[in-house]
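Following: one structure in structure tokens, then a few remarks.
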Amino acid sequence: MSRASGGRPRVFVARRIPDEGLTRVLAETDADLWTDALPPPRDELLRRVRGVDGVLSLLTDRVDDELLDAAGPQLRVVSNFAVGFDNIDVPACTRRGIPVGNTPGVLTETTADFAFALLMAAVRRIPEGHDYVRAGHWKTWGPMLLLGPDVHHATLGIVGFGRIGKEMAKRAHGFDMTVLVHDAYPPSAEEQAALGVTAVSQDELFARSDMISLHVNLTPDTRHLIDAAALARMKPTAVLVNTSRGPVVDQVALADALRRGVIAAAALDVTDPEPMSPDDPLLALPTCLVVPHIASATHATRGKMAQMAAANLLAGLRGERLPTPVNPEVYDRSRAG
Ligand code: DGY
1 MSRASGGRPR VFVARRIPDE GLTRVLAETD ADLWTDALPP PRDELLRRVR GVDGVLSLLT
61 DRVDDELLDA AGPQLRVVSN FAVGFDNIDV PACTRRGIPV GNTPGVLTET TADFAFALLM
121 AAVRRIPEGH DYVRAGHWKT WGPMLLLGPD VHHATLGIVG FGRIGKEMAK RAHGFDMTVL
181 VHDAYPPSAE EQAALGVTAV SQDELFARSD MISLHVNLTP DTRHLIDAAA LARMKPTAVL
241 VNTSRGPVVD QVALADALRR GVIAAAALDV TDPEPMSPDD PLLALPTCLV VPHIASATHA
301 TRGKMAQMAA ANLLAGLRGE RLPTPVNPEV YDRSRAG
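For the sequence shown, our numbering gives the first residue as 1, with consecutive numbering after it.
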């Protein structure tokens, strides 16, 4: 292990994270902390990881063979401050015997709360109402002003029925919604009964749902899962919510569908790329609500994510099993090199 003077392991921390985790990292390592608000540019990132024992990365930092080569063979752990890890080439880390950690569980309810908030906002046209008032158009109470569908008793389609999808279903039950789900690993009949959901094919979910919320991981199979063909299967009154990853939706197809009334509205917490350009055609559409990837952004949740990211990093540096590894198979293999 490469040790700085004082014997503490060297780590690169790619952004300031909440104190709940940062304090421990700074106390127990020789940390190079990137303090800018923006992520380190690629060349800077490659330079800063040289010779470190651990990297605490964010979803904005690509961890791939190039970065692992730049870091060097002493690298013992990559800890991602996120539950998603599509920014990391996990097989590349596994090949080198490097465990990768993420932060599952602690942001589940917070993200589901936010997905439901986006759903409510888009369906009940809250951003449009706010824009209307700000623009000075509000002259009187209008019997036909900004009408939208009801959320209660509507049918919600949940694509991806993992932890967050299940929490979304609970929230939907509070609104007496019918909940359809689709997942690559469908819930059993008993689970469906217990959770009050019905598993259906993806096409049936698209056709029957009034609102559709995406909760899948980004993989080659889910990239552009929502394309022109999928949108065409939805109801013209459908509202699409995405809090998963931007590339799950083909945004060109979405903009076209919203413009032509193929579906009614969309609410996106995640976009492709991030950040979305202010010139993006979606931002010109009143029926598209976009926010800057903030579904897990509560004080408590980000604090817990920081604790978990620190715990993973420090365990990896000590050569212990990470509390939440995404590649546990790394422990079954003899470390390469
Ligand atoms: C994650 O953790 O993957 C979210 O997208 C950010 O909290």
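Glycine residues also receive a C-beta, built at the ideal position from the N, C-alpha and C atoms.
Three-way DSSP call (helix, strand, coil) for residue i in this model
i    : result
D30  : strand
G148 : coil
E320 : coil
R15  : coil
P143 : coil
L231 : helix
R96  : coil
A265 : strand
R62  : coil
P325 : strand
R125 : coil
G21  : helix
L225 : coil
V241 : strand
R48  : helix
P9   : strand
L67  : helix
G54  : strand
G84  : coil
Span separating the alpha-carbon of residue i from that of residue j
i    : j    : result
E44  : L22  : 21 Å
V52  : P9   : 8 Å
H299 : L195 : 29 Å
L317 : R76  : 6 Å
V13  : R302 : 16 Å
P91  : H152 : 44 Å
M280 : D86  : Reading the sequence as shown, one finds Asp at residue 280 and not Met. Rounded to whole angstroms, D280 to D86 spans 23 Å at the Cα level.
A31  : H137 : 53 Å
E204 : L313 : 43 Å
D61  : D69  : 15 Å
T287 : A264 : 7 Å
V133 : L145 : 12 Å
R335 : G319 : Its pLDDT being 47, under 50, R335 is placed unreliably in this model, and the coordinates cannot settle the point.
G105 : G261 : 37 Å
V63  : I88  : 5 Å
T111 : D332 : 33 Å
E66  : E274 : 22 Å
L119 : V290 : 12 Å
V216 : K139 : 43 Å
D221 : M168 : 22 Å
T155 : E329 : 40 Å
T94  : L322 : 14 Å
Pair within 8 Å by beta-carbon distance, residue i and residue j
i    : j    : result
A207 : V239 : no
V123 : M177 : no
G72  : V11  : no
P149 : T237 : yes
D183 : G160 : yes
L58  : P41  : no
A295 : F114 : yes
Minimum Cβ-Cβ distance from residue i to chain B less than 8 Å
i    : result
G136 : No chain B appears in this structure, which consists of one protein chain only.
Can you find at least 3 beta carbon pairs, one from the region 298-317 and one from the region 11-26, that sit closer than 8 Å? yes
Contact the region 173-189 vs the region 225-239: 3+ CB pairs below 8 Å: no
Taking one C-beta from the region 265-283 and one from the region 244-254 each time, how about it: are there three or more such pairs within less than 8 Å? Contact holds: three or more Cβ-Cβ distances are below 8 Å.
What runs of the alpha helix (DSSP H), each 4 residues or longer, lie entirely inside the region 282-314? none
Every unbroken beta strand (DSSP E) inside the region 135-223 [3 residues or more]: 155-159, 178-182 and 211-214
Okay, do the region 91-105 and the region 118-132 touch, 3+ Cβ pairs below 8 Å being the bar? The answer is no - the region 118-132 does not touch the region 91-105, with fewer than three Cβ pairs under 8 Å.
In chain order, what residues place their C-beta within less than 5 Å of a heavy atom belonging to the ligand PLP? This structure lacks the ligand PLP; its bound ligands are the ligand DGY.
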